[in-house]
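Participant:
Numbering (mature numbering (1 follows the signal peptide of the UniProt record, and there is no 0)), first residue to last: -16 to -1, 1 to 976.
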């Protein structure tokens, strides 16, 4: 069939051909049911690697949430760019009238994402009646930039050479590797003797060659017409015109060219052919630097009961110049692999990896006996006859240890292995755990399932973390730390993931296998990843369905961190902590045991629970037991001056007799932590007695030195007198808690439970006395006091608090005269008071990040991320004054917000406060439409107020916006009142 077209002459030709989708047999692979479903194609003249020049545009179109917003009309989109425009591309909907909210277009090849807001009707019966509208981008964001690869796969022309299996490819280069790419299309792939660009009788496959093409910039010789001078042109005019060949010259020019890499194979990828491998690594024809190497992998299963596994085990070995990719450990020297106390040997062929750096080993949790205790892995490099030792000594099981099914192991020196054989095994395991913890990164992954109908899932969820250097591979999220039944509506599940040197996180991939019957669909709200050793917490917003019947039908999504919700703090370091429970009757406990470490200059860690869930609390702290924990906490320096250890007094048997704790430094205790024993305290502060130093020699011998601590801090007794005011309704029946701060430490929060003067505490006009034992605080300057708002009569008017240091006889008076009530004054039940006559810097509770652990100078105190001035610039310390803030939220639809709001008050001479967070009382979240909320916050005195910056920490989308009607700001110091009207949405740049 041929056609005659009359066209204007073009320097470079491109054609667009298509059809209207009607009529029988109209698909020429321009068909809704074939290939990628397109019925319009843009064609370019024949040439090499033409598909590489294609640019894909990914559309995300949001329909408004008003009644009748959907559409089933023939919706189309047309793009306009600097070089031209596209044809109209037909989309689909639910009804004729359509309320378009926004269009988002991602162009991975350019690394750009465009946001086109609409917020209007495209309907003849609504608004202006238009059904077609031009939209300009309001925001252009940088996203991960990708390039096109054209992969040509040639299947060998041998009997049964084709395959119906899923084929995967991963490309390695000098700067890293691609993700695992699935090679598939809607045509019949990998038939015998065919060439596939991007099924047979069985899954075996004879692969002949693989060609990979990509675009690159290179200098190319091109023909250019020789330029004539004016003198030459005058001579040519005098001569007669003759037909002569034009003179040309060759010039080098930088152009985009197609680079081709050929990978010969000519082998079977089949379980029943050749070596039985279905994974092969290929080198280019002209590769000279790389060689194929073989590795002998020795896997040692532990000797404890139930250590063996019947699950499928996979391994990925990493070296200086690459990795093997994930390989299944199938063929071993033993028919029944991974049994208790057994050594299994495997052979892996791969391109030479250089010096081995780590390995990743996991199992798929299949079969009945899936739990596996891996003792160690030894790998022999057959090329240079080098043995690498990878100790593990941990469970890969959902119901043991931390519930992980994958471990990343790093090699250790042979001397460590010798020490493990000769010395105490528990001591060896402890040192190993601390060393591996220091070399790895522990990620705490929190996943929020949306609060929607049918939002939960019973499918198997997996996660992949991508760093700048590497990725973690597939992580099956089997054991939640917070809930037995995972991923239920509105719940947050917590998981622990460990990885070695993958670099800063840039994205994550989360998905599920669509199993679980009718409960496979899942609405994912967000994923939060906290990496203490890196000092950052990242939030990856999603807010979409992972469901084949909802949204766009995807069950796997790539998520990127929201920079506005990123929290930075001081990186943590690992500590090895040993707890010794006394061997006396009833000494064990099932309560939640916590610890706080203190260094010099009042630097301390946050309060850390040693057990993450109820199962661990039942396992540890038994009578006569020695329990070892490796936890990541803030770095308090080389010397730990004291620790605070206690529990929450919950559980079946909360009473606990602690013998001592050890973290290289010995902290003796030998006292009860129980309400019914000793003095009834469940919190103790311990000071060190000895410091132990260990040094491992090359021959595996261990040198131990023990030094007694000199000038250790002393324990002081503080007498606390609490006076309740003499006003109507002043007394409280709630539980009261007190924290005392000094210049070299704090007591931590203590419950004021046993009054020495009254059986009925905190009554109107009464004085209650309490005794608190703590390590020397130095000069006491501040207290924090609160109650838990329990019982019927919880409101409390506190008159004053007096603290007497019994050892130094110093008296510290704190004048209060304020309500701690949810109904009175500013509705706060927690207050900070400074000692009478104090002239130092004062802090408000509003200015401090919420933290369950109040400390003097916690290294977890986050910096104010709004200020981005030079570090060298000295800031003038301004006095702290109270500000009274009243905010009115608009009445319009969607005016409310659930985000956390803040204000920054700006005065003259570039003075400004820090972010003053506007936290609502009663733990309420969000500002309702039409609401009027009042706050009292303390901040720097900026003098005359010039302007106020208002913002929130929500994600960058209109759905998280907030319509603020007006803001009233009062400075009691100068009786200044400022009224700021807004009636607008806080801008994106105001929320940085």
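From the three backbone atoms N, C-alpha and C, an ideal C-beta is built for every residue, glycine too. Every value quoted in this text rests on a predicted model; they were computed, and no experiment measured them.
(1) Taking the runs of the beta strand (DSSP E) that are 3 residues or longer, which of them lie wholly in the stretch 767 to 837?
(2) Can at least three beta-carbon pairs, one atom from the stretch 740 to 758 and one from the stretch 701 to 713, be found at a separation below 8 Å?
(3) Taking the alpha-carbon positions, what's the residue 790 to residue 764 distance?
(4) Report buried or exposed for residue 647, applying the criterion of at least 16 other Cβ atoms within 10 angstroms of its Cβ.
(5) May I ask you to verify whether the stretch 715 to 724 touches the stretch 766 to 781, counting CB pairs closer than 8 Å and requiring at least 3?
(6) For residue 234, count the other beta carbons within 10 Å of its own beta carbon; 16 or more makes it buried, fewer makes it exposed. Which is it?
(7) Taking the beta carbon of residue 427 as the centre, do at least 16 other beta carbons fall within 10 Å, making it buried, or is it exposed?
(8) Given a threshold of 16 other Cβ atoms within 10 Å of its Cβ, counted over all protein chains shown, does residue 516 qualify as buried or as exposed?
(9) So who's on the other strand from residue 508, going by DSSP bridges?
(10) Spatial neighbours of residue 807 within its chain, please: C-beta separation below 8 Å, excluding the five flanking residues on both sides.
(11) On the three-state DSSP scale, how would you describe residue 547?
(12) Cβ of residue 267 within 8 Å of Cβ of residue 335?
(13) If contacts are defined as beta-carbon pairs under 8 Å, then residue 500 and residue 442 qualify, I think. What distance do you get, rounded to the angstrom?
(14) Applying the 10 Å Cβ sphere with the 16-neighbour rule, what's the burial state of residue 919?
(15) Spatial neighbours of residue 348 within its chain, please: CB distance less than 6 Å, with the 5 preceding and 5 following residues excluded, ordered by chain position.
(16) Answer with buried or exposed for residue 769, where buried requires no fewer than 16 other C-beta atoms within 10 angstroms of its C-beta.
(17) Distance check for residue 161 and residue 155, CA to CA, integer angstroms please.
(18) Quick check: what's the CA-CA separation for residue 198 versus residue 430?
(19) What residue ranges within the stretch 864 to 897 form continuous beta strand (DSSP E) runs of no fewer than 3 residues, ordered along the chain?
(20) Just grab the DSSP bridge partners of residue 289 for me.
(21) If I measure Cβ to Cβ from residue 302 and keep anything under 6 Å in the same chain, skipping five residues before and after, which residues do I get?
(22) Give me the Cα-Cα distance between residue 550 and residue 523, rounded to the nearest whole angstrom.
(23) Is the stretch 538 to 548 touching the stretch 581 to 594 in the sense that three or more CB pairs, one from each, lie closer than 8 Å?
(24) Taking all protein chains shown into account, do 16 or more other C-beta atoms lie within 10 angstroms of the C-beta of residue 565, making it buried, or fewer, making it exposed?
(25) On the criterion of 16 or more Cβ atoms from any shown chain inside 10 Å, does residue 977 qualify as buried, or is it exposed?
(26) Decide if residue 908 is buried, meaning its Cβ has at least 16 other Cβ atoms within 10 Å, or exposed.
(27) Could you compute how far the alpha carbon of residue 382 sits from the alpha carbon of residue 350?
(28) State the Cα-Cα distance for the pair residue 577 and residue 387, rounded to the nearest angstrom.
(29) By how many angstroms is the C-alpha of residue 530 removed from the C-alpha of residue 434?
(30) State the Cα-Cα distance for the pair residue 629 and residue 344, rounded to the nearest angstrom.
(31) Along the chain, where does the alpha helix (DSSP H) containing residue 599 start, and where does it finish?
(32) Using CA coordinates, which residue listed in 289, 506, 713, 203 is at the minimum distance from residue 239?
(33) Using the Cα positions of residue 571 and residue 722, report the straight-line distance between them to the nearest angstrom.
(34) So, with DSSP's three-state summary, where would you put residue 942?
(35) So, is residue 352 buried or exposed, given that buried needs 16 or more other C-beta atoms within 10 angstroms?
(36) Just mark residue 74 as buried or exposed, buried being the case when its beta carbon has 16 or more other beta carbons within 10 Å.
Facilitator: Quick answer:
(1) Contiguous beta strand (DSSP E) elements confined to the stretch 767 to 837 occur at 780 to 789, 794 to 804, 814 to 818, taking only those with 3 or more residues.
(2) Touching, yes.
(3) Along the chain shown, read from residue 1 onward, the residue named residue 790 stands at position 806. Along the chain shown, read from residue 1 onward, the residue named residue 764 stands at position 780. One Cα belongs to residue 790, the other to residue 764, and the distance between them is close to 13 Å.
(4) To locate residue 647, count along the chain shown from 1; it is residue 663. Any reading at residue 647 must be qualified, since the residue scores a pLDDT of 47, below 50, and its modelled position is unreliable; no value is offered.
(5) Flag = yes, the stretch 715 to 724 and the stretch 766 to 781 touch.
(6) Walking along the chain shown from the start, residue 234 turns up at place 250. Exposed.
(7) Here residue 427 corresponds to residue number 443 of the chain shown, with the count starting at 1. With 16 or more Cβ atoms within 10 Å of its Cβ, residue 427 is classed as buried.
(8) Here residue 516 refers to the residue found at position 532 of the chain shown. By the 10 Å Cβ count, residue 516 comes out buried.
(9) Counting from one through the chain shown, the residue named residue 508 turns up at place 524. Under DSSP, the beta-bridge partners assigned to residue 508 are 433, 528.
(10) Numbered from 1 along the chain shown, position 823 holds the residue referred to as residue 807. Sequence-distant partners of residue 807 (beyond 5 residues in either direction) whose C-beta falls short of 8 Å from its own C-beta, in its chain, are 779.
(11) Your numbering for residue 547 matches position 563 in the chain shown. In this structure, residue 547 counts as helix in the three-state DSSP scheme.
(12) The sequence position of residue 267 within the chain shown is 283, counting from 1. The sequence position of residue 335 within the chain shown is 351, counting from 1. Taking 8 Å as the Cβ cut-off, residue 267 and residue 335 qualify as a contacting pair.
(13) Counted from its first residue, the chain shown places residue 500 at position 516. Counted from its first residue, the chain shown places residue 442 at position 458. Confirmed, Cβ separation roughly 3 Å.
(14) Translated into the one-based positions of the chain shown, residue 919 becomes position 935. Residue 919 sits buried, since 16 or more C-beta atoms from the chains shown fall within 10 Å of its C-beta.
(15) Start at 1 with the first residue of the chain shown, and residue 348 comes out as number 364. Correct list, in chain order: 295, 296.
(16) In the chain shown, residue 769 corresponds to position 785, counting from 1. With a 10 Å radius around the Cβ and a threshold of 16 neighbouring Cβ atoms, residue 769 comes out buried.
(17) Walking along the chain shown from the start, residue 155 turns up at place 171. Walking along the chain shown from the start, residue 161 turns up at place 177. One Cα belongs to residue 155, the other to residue 161, and the distance between them is close to 6 Å.
(18) What you label residue 198 is simply residue 214 of the chain shown in a count that begins at 1. What you label residue 430 is simply residue 446 of the chain shown in a count that begins at 1. Between the alpha carbons of residue 198 and residue 430 lies a distance of about 39 Å.
(19) Runs of the beta strand (DSSP E) inside the stretch 864 to 897: 864 to 873, 885 to 891.
(20) Here residue 289 refers to the residue found at position 305 when the chain shown is read from its first residue. Residue 289 is bridged by DSSP to nothing; it lacks a bridge partner.
(21) Looking up residue 302 in the chain shown gives position 318. The answer, listed in chain order, is 341, 342.
(22) The residue given as residue 550 occupies position 566 in the chain shown. The residue given as residue 523 occupies position 539 in the chain shown. Each residue's alpha carbon lies about 6 Å from the other.
(23) Not touching, per the Cβ criterion.
(24) For the purposes of this step, residue 565 is taken as residue 581 along the chain shown, with counting starting at 1. Result: buried.
(25) For the chain, the structure presents residues -16 to 976; residue 977 sits outside this window and is missing.
(26) In the chain shown, the residue the question calls residue 908 occupies position 924. Residue burial annotation: residue 908 is exposed, with fewer than 16 other C-beta atoms found within 10 angstroms of its C-beta.
(27) Position 398 of the chain shown, counting from 1, holds the residue named residue 382. Position 366 of the chain shown, counting from 1, holds the residue named residue 350. In a straight line, the C-alpha of residue 382 is about 12 Å away from that of residue 350.
(28) Position 593 of the chain shown, counting from 1, holds the residue named residue 577. Position 403 of the chain shown, counting from 1, holds the residue named residue 387. Looking at the two C-alpha atoms, the distance is approximately 20 Å.
(29) Looking up residue 434 in the chain shown gives position 450. Looking up residue 530 in the chain shown gives position 546. Here the alpha carbon of residue 434 sits roughly 11 Å from the alpha carbon of residue 530.
(30) By 1-based counting over the chain shown, the position of residue 629 is 645. By 1-based counting over the chain shown, the position of residue 344 is 360. Their Cα atoms are separated by approximately 36 Å.
(31) By 1-based counting over the chain shown, the position of residue 599 is 615. Here the alpha helix (DSSP H) through residue 599 covers 598 to 603.
(32) Taking the chain shown and counting its residues from 1, the one referred to as residue 239 is at position 255. Nearest C-alpha to residue 239: 203.
(33) Position 587 of the chain shown, counted from the first residue, corresponds to residue 571. Position 738 of the chain shown, counted from the first residue, corresponds to residue 722. Per the coordinates, the alpha-carbon of residue 571 lies some 28 Å from the alpha-carbon of residue 722.
(34) Residue 942 sits at position 958 when you count from the first residue of the chain shown. Because the pLDDT at residue 942 is just 48, under 50, the model does not fix this residue reliably, and the value given afterwards should be weighed accordingly. Residue 942: helix per DSSP, three-state reduction.
(35) As a working note, residue 352 is residue 368 in the chain shown. The residue in question, residue 352, is exposed, as its Cβ has fewer than 16 Cβ neighbours within 10 Å.
(36) Position 90 of the chain shown, counting from 1, holds the residue named residue 74. Residue 74 is exposed by the Cβ-count criterion.
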